[in-house]
Amino acid sequence: MTAVHDHADEHVIDNAPLAAALRTVETGMQSLRGLDTAAVSNRDRLALLVRLERIARTVPALGHTLVNQLLEQRAADEFGGTTVRELLADTLRISPAKAGERIHAATELGAATTLGGQPLEPKLAATAAAAHHGDLDPAHVDVIREFLHQLPAAVDAGTRQQAEAQLAGQALILRPDELRAVARRLASVLDPDGTLDDETDRARKRYFRMGPQGRDKMTNGSFCTDPEGRAYLEAIMAKLAKPGMCNPEGEGRDETQPGSEPHTSSEVPESSSPATPTADTQPTPSAAARDHRTQGQRQHDALKAVLRSVLASGELGRHRGVPVTVVATMTARDLQESTGHAVTGGGTLVPMSEMICMAARGARHYLAIFDDDGRPLYLGRSKRLGTTDQRIVLYAKDRGCTFPGCSSPGYWS
């Protein structure tokens with residue numbers, strides 16, 4: 001039988017009314033868990049699910065006000081933390097990203113107070129009220145918040161408030177997917193021609209998000225670019241994403257031919273190759289015919305070629321005392337046997353075969369090699385501030401921030 005740890009002893013509540021109310025809830029849930037539902041009717045099962053769902057939905061709403069109070073009282077200082085975000089992540093054992101999401105939700109849905117102690121209604125009053133009574137699933141709330149976030153800044157506050165209240169009312173009778181359809185229709189009514197968006201809206205909506213590296217060492221992500229960013233991408237893809245260009249399978253073969261415009265030798269970096277075109281070259285007809293990549297794959301390889309070229313140029317300067325480039329570490333055994341993987345300063349795992357190819361292309365990457373016991377080459381420390389070589393070895397050895405509880409990778413530490 002699996003042992004169950006009682007966390008109540010670790011988080012004692014001194015306030016008597018709060019402690020009594022919470023004890024009632026915990027006792028009731030314990031009684032429910034001990035009941036046998038095998039003999040009850042399906043009607044009772046559904047009714048129990050509905051009421052449990054309502055109870056579960058009220059918990060985040062209660063948490064919003066508590067989070068706002070922690071923010072107002074600067075609770076991180078009291079408990080020796082750096083931010084409330086880190087305090088929540090460590091105390092609740094959730095990720096810092098999830099803690100940040102809860103704080104952002106609390107600022108919109110939780111009650112707050114002014115500096116003078118006067119109560120403030122939640123920014124999304126109708127949504128917060130429905131959520132407080134357990135009538136909304138978190139997915140309903142996400143639809144409403146996303147709708148308001150996408151709404152142009154030109155829509156006045158009164159109209160926003162009416163739209164939010166209307167969606168909160170519809171959420172009482174609709175599923176989240178149905179509510180999303182209603183939100184789309186409402187957005188088209190408020191901005192039928194799509195002309196209300198301005199530079200402020202576009203600046204607010206832009207982002208680039210890179211997710212964590214998966215077990216297959218691939219990385220998913222998403223982005224939303226402004227018109228200027230799209231214009232740059234269009235120009236790059238028009239040249240480098242053509243069939244036959246930047247094809248990793250074509251490396252080592254003469255896959256390109258000179259274009260119509262001449263160029264000087266100074267325009268071609270030492271690291272140029274058929275898979276990394278930097279001069280005015282065009283793919284040969286045979287190279288284009290052999291290129292079986294999809295358009296998405298060609299665009300991926302084109303973007304990778306641009307990033308490789310920018311890093312190789314050396315024009316990005318230095319970051320935290322180290323040239324902006326790839327810093328990677330590996331063991332001597334893995335290097336000799338071409339197995340395993342290297343680890344970058346950002347914590348990315350790069351298969352050894354790909355790391356060797358990266359080094360062979362001539363880019364100015366930094367590589368630290370350790371023996372099987374993790375010992376790097378000896379470096380003296382005669383200076384108070386580390387030299388570039390010392391910082392690189394620390395990147396490789398510690399792979400990030402060494403402060404207790406800090407998970408920042410090497411590039412940011």
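In terms of UniProt numbering, the sequence shown opens at residue 1 and continues consecutively. Where a beta carbon is used, it is the ideal one built from N, C-alpha and C, also for glycine. All values derive from a computational prediction rather than experimental measurement.
(1) Looking at C-alpha atoms only, which residue of PRO60, THR83, VAL324, GLY134 is the closest neighbour of ARG51?
(2) Under three-state DSSP, which class holds PHE208?
(3) Check whether the Cβ atoms of VAL322 and LEU316 sit closer than 8 Å, and answer yes or no.
(4) Does the separation of the CB atoms of ASP291 and GLY244 fall below 8 Å?
(5) What number of angstroms, rounded off, separates the C-alpha of LEU92 from the C-alpha of GLU86?
(6) Can you tell me the Cα-Cα spacing of GLY158 and MET330, whole angstroms?
(7) Once you ignore the five residues that flank THR339 on each side, which residues in its own chain have a CB closer than 7 Å to its CB?
(8) Taking the DSSP output, what are the residues bridged to PRO351?
(9) Take HIS64 and list the residues in its own chain whose beta-carbon comes closer than 6 Å to its own, dropping the five residues that flank it on each side.
(10) Is it buried or exposed for LEU62, if we count other Cβ within 10 angstroms and need 16 for buried?
(11) If I measure Cβ to Cβ from ILE103 and keep anything under 8 Å in the same chain, skipping five residues before and after, which residues do I get?
(12) Exposed or buried, what is MET29 when buried is set at 16 or more other beta-carbons lying within 10 Å of its beta-carbon?
(13) Quick check on CYS42: does DSSP put it in helix, strand or coil?
(14) Who pairs with CYS224 in a beta bridge, going by DSSP?
(15) Report yes if the CB atom of LEU349 is closer than 8 Å to the CB atom of LYS217, and no otherwise.
(16) Could you spell out the range, first to last residue, of the alpha helix (DSSP H) harbouring THR127?
(17) Distance, Cα to Cα, ALA171 vs SER95?
(18) Determine the contact status of ALA241 and GLN282, defining contact as a CB-CB distance below 8 Å.
(19) Any idea what DSSP makes of PRO283, helix, strand or coil?
(20) Within 10 Å of its beta-carbon, does GLU146 have 16 or more other beta-carbons around it, so buried, or fewer, so exposed?
(21) Can you look up ARG318 in the DSSP assignment and give me helix, strand or coil?
(22) Do the region 117-131 and the region 34-42 meet, that is, are 3 or more Cβ pairs less than 8 Å apart?
(23) Give me the residue from LEU167, PRO248, PRO285 with the minimum Cα distance to ALA293.
(24) Any idea if ASP77 is buried or exposed, counting beta-carbon neighbours within 10 angstroms, 16 or more meaning buried?
(25) How should GLU164 be labelled, buried or exposed, when 16 other C-beta atoms within 10 angstroms of its C-beta is the threshold for buried?
(26) Which residue from ARG184, LEU190, ASP301 puts its Cα closest to that of LYS239?
(27) Have a look at PRO17 and HIS11 and give me their C-alpha separation to the nearest angstrom.
(28) For ILE13, count the other beta carbons within 10 Å of its own beta carbon; 16 or more makes it buried, fewer makes it exposed. Which is it?
(29) Give the straight-line distance between the Cα atoms of PRO48 and ALA129, rounded to the nearest whole angstrom.
(30) Out of VAL141, GLY80, ASP226, THR114, state which residue places its alpha-carbon closest to the alpha-carbon of ALA203.
Taking the definition as stated:
(1) Residue 51 sits at position 51 when you count from the first residue of the sequence shown. With distances taken between Cα atoms, ARG51 lies closest to GLY134.
(2) One-based indexing of the sequence shown puts residue 208 at position 208. PHE208: strand per DSSP, three-state reduction.
(3) Counted from its first residue, the sequence shown places residue 322 at position 322. Counted from its first residue, the sequence shown places residue 316 at position 316. No.
(4) Looking up residue 291 in the sequence shown gives position 291. Looking up residue 244 in the sequence shown gives position 244. Yes.
(5) By one-based count along the sequence shown, residue 92 stands at place 92. By one-based count along the sequence shown, residue 86 stands at place 86. Taking the straight line joining both Cα atoms gives about 10 Å.
(6) Walking along the sequence shown from the start, residue 158 turns up at place 158. Walking along the sequence shown from the start, residue 330 turns up at place 330. Their Cα atoms are separated by approximately 59 Å.
(7) Position 339 of the sequence shown, counting from 1, holds the residue named residue 339. Within the same chain, THR339 has close Cβ partners MET352.
(8) The sequence position of residue 351 within the sequence shown is 351, counting from 1. Answer is HIS341, bridged to PRO351.
(9) Counted from its first residue, the sequence shown places residue 64 at position 64. Within the same chain, HIS64 has close Cβ partners ALA106, LEU109, GLY110.
(10) Position 62 of the sequence shown holds residue 62. So LEU62 counts as exposed.
(11) Taking the sequence shown and counting its residues from 1, the one referred to as residue 103 is at position 103. Counting only Cβ-Cβ distances below 8 Å, and skipping sequence neighbours, we find VAL67, LEU71, VAL84, ARG85, LEU88.
(12) The residue you call residue 29 lines up with position 29 of the sequence shown. When all chains shown are included, MET29 counts as exposed.
(13) Stepping through the sequence shown from its first residue, residue 42 is reached at position 42. First, the residue type needs correcting, since residue 42 is Asn and not Cys in the sequence shown. The answer is helix: DSSP assigns ASN42 an H, G or I state.
(14) Position 224 of the sequence shown holds residue 224. Paired residue(s): TYR207.
(15) For this step, residue 349 is matched to residue 349 along the sequence shown. For this step, residue 217 is matched to residue 217 along the sequence shown. Going by C-beta atoms, LEU349 is nearer than 8 Å to LYS217.
(16) For the purposes of this step, residue 127 is taken as the residue at position 127 of the sequence shown. Looking at the DSSP string, the run of the alpha helix (DSSP H) that includes THR127 is 125-132.
(17) Translated into the one-based positions of the sequence shown, residue 171 becomes position 171. Translated into the one-based positions of the sequence shown, residue 95 becomes position 95. Cα-Cα distance, rounded: 29 Å.
(18) Stepping through the sequence shown from its first residue, residue 241 is reached at position 241. Stepping through the sequence shown from its first residue, residue 282 is reached at position 282. For ALA241 and GLN282, no; Cβs fall outside 8 Å.
(19) Within the sequence shown, residue 283 is the residue found at index 283, counting from 1. PRO283 falls in the strand class under three-state DSSP.
(20) The sequence position of residue 146 within the sequence shown is 146, counting from 1. Exposed.
(21) Mapped onto the sequence shown, residue 318 falls at position 318. Residue state, collapsed to three classes: strand.
(22) no
(23) Position 293 of the sequence shown, counted from the first residue, corresponds to residue 293. First, the amino acid is wrong: residue 293 is Arg here, not Ala. It is PRO248.
(24) Here the question's residue 77 lines up with position 77 in the sequence shown. With fewer than 16 Cβ atoms within 10 Å of its Cβ, ASP77 is classed as exposed.
(25) Here residue 164 corresponds to residue number 164 of the sequence shown, with the count starting at 1. Buried, because 16 or more other Cβ atoms sit within 10 Å of the Cβ of GLU164.
(26) Looking up residue 239 in the sequence shown gives position 239. When each option's Cα is compared against that of LYS239, the closest is ASP301.
(27) Mapped onto the sequence shown, residue 17 falls at position 17. Mapped onto the sequence shown, residue 11 falls at position 11. For PRO17 and HIS11, the distance between alpha carbons rounds to 15 Å.
(28) Counting from 1 along the sequence shown, the entry for residue 13 is found at position 13. Exposed, since its Cβ has fewer than 16 Cβ neighbours within 10 Å.
(29) The residue labelled residue 48 in the question sits at position 48 within the sequence shown. The residue labelled residue 129 in the question sits at position 129 within the sequence shown. One detail in the question is off: residue 48 reads as Leu in this sequence, not Pro. The alpha-carbon atoms of LEU48 and ALA129 are separated by roughly 23 Å.
(30) Stepping through the sequence shown from its first residue, residue 203 is reached at position 203. Closest by alpha carbon: ASP226.
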